[in-house]
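Visitor:
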Amino acid sequence: MQQALPFRDWLPTAGGSSVLPPGNITSKAAAEISDVRQLVAENAVVVVARRGCCMCHVVKLLLHGHGVNPSIFDVDEQNEADLIKELSTINGAGKSTAPQFPAVFVGGAHLGGLEAVMAAHISGELVPRLREARALWL
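Residue numbering for the sequence shown is -13 to 124, as defined by my numbering.
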């Protein structure tokens, strides 16, 4: 059974060292927005999520339910505009719309938001894409 973790802003401690949240959640204090491109390139599955968003939570639960351990980049409202610009450059010039949260990247490519992930799950396309990205072993 999973244990709920209490919500807490991850601020630097009095000693000057920053304490990271548990798991592989990246906060704004740990990685700058410009590092999102590198995060997407280095990890099989990345979820860029708005902090406290229920749709982002659903995507995380769906991926965890498949046995995938995605890297999660939580963004605050203050940094959202800068991150959208950075995600637009990752998506490429062919995309005319700005990415929406949650933005899910599988194998370095933008899969989409909640609707695209759910559509891929229902149609049976999600698991093969996760296997191709080496996020699933079975």
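Ideal placement from N, C-alpha and C gives every residue a C-beta, glycine not left out.
Check whether the region 26 to 37 touches the region 61 to 78, taking contact to mean three or more Cβ pairs, one atom from each stretch, closer than 8 angstroms.
Guide: Yes: at least three Cβ pairs fall under 8 angstroms.
Visitor: Identify every residue that forms a DSSP beta bridge with Ser57.
Guide: Bridge partners of Ser57: Val32.
Visitor: Please classify Leu110: does DSSP put it in a helix, a strand, or coil?
Guide: The sequence given here has Gly at residue 110, not Leu. Looking at Gly110 - three-state DSSP - the assignment turns out to be coil, as it is neither helix nor strand.
Visitor: Whole angstroms are fine: how far does the CA of Gln64 sit from the CA of Arg120?
Guide: So the alpha carbons of these two residues sit roughly 34 angstroms apart.
Visitor: Candidates Ser109, Leu116, Phe59, Ala84: which alpha carbon is nearest Gly93's?
Guide: Minimum Cα distance to Gly93 is reached at Leu116.
Visitor: Counting C-beta neighbours from all protein chains within 10 Å, is the total for His96 16 or more, i.e. buried, or is it exposed?
Guide: His96 is buried by the Cβ-count criterion.
Visitor: When the Cα of Leu73 is compared with those of Phe91, His43, Val44, Asp62, which residue comes out closest?
Guide: Here the closest residue by C-alpha is Phe91.
Visitor: For Gly51 and Asp62, what's the separation of their Cα atoms in angstroms?
Guide: The straight-line gap from Cα to Cα measures roughly 26 angstroms.
Visitor: I'd like to know whether the C-beta atoms of Pro88 and Val45 end up nearer to each other than 8 angstroms.
Guide: For Pro88 and Val45, yes; Cβs fall inside 8 angstroms.
Visitor: Which stretch, first to last residue, makes up the beta strand (DSSP E) that contains Gly98?
Guide: Start and end: 95 to 98.
Visitor: Rounded to whole angstroms, how far is the Cβ of Val103 from the Cβ of Leu48, which I believe are closer than 8 angstroms?
Guide: With 8 angstroms as the limit, Val103 and Leu48 qualify as a contact, their Cβ atoms being about 7 angstroms apart.
Visitor: How would you call Ile58, buried or exposed, if buried means at least 16 neighbouring beta carbons within 10 angstroms?
Guide: Buried, by the Cβ-count rule.
Visitor: Pull up the CB-CB distance for Leu122 and Gly53, whole angstroms please, since I reckon it's below 8 angstroms.
Guide: Sure, about 6 angstroms apart at Cβ, within 8 angstroms.
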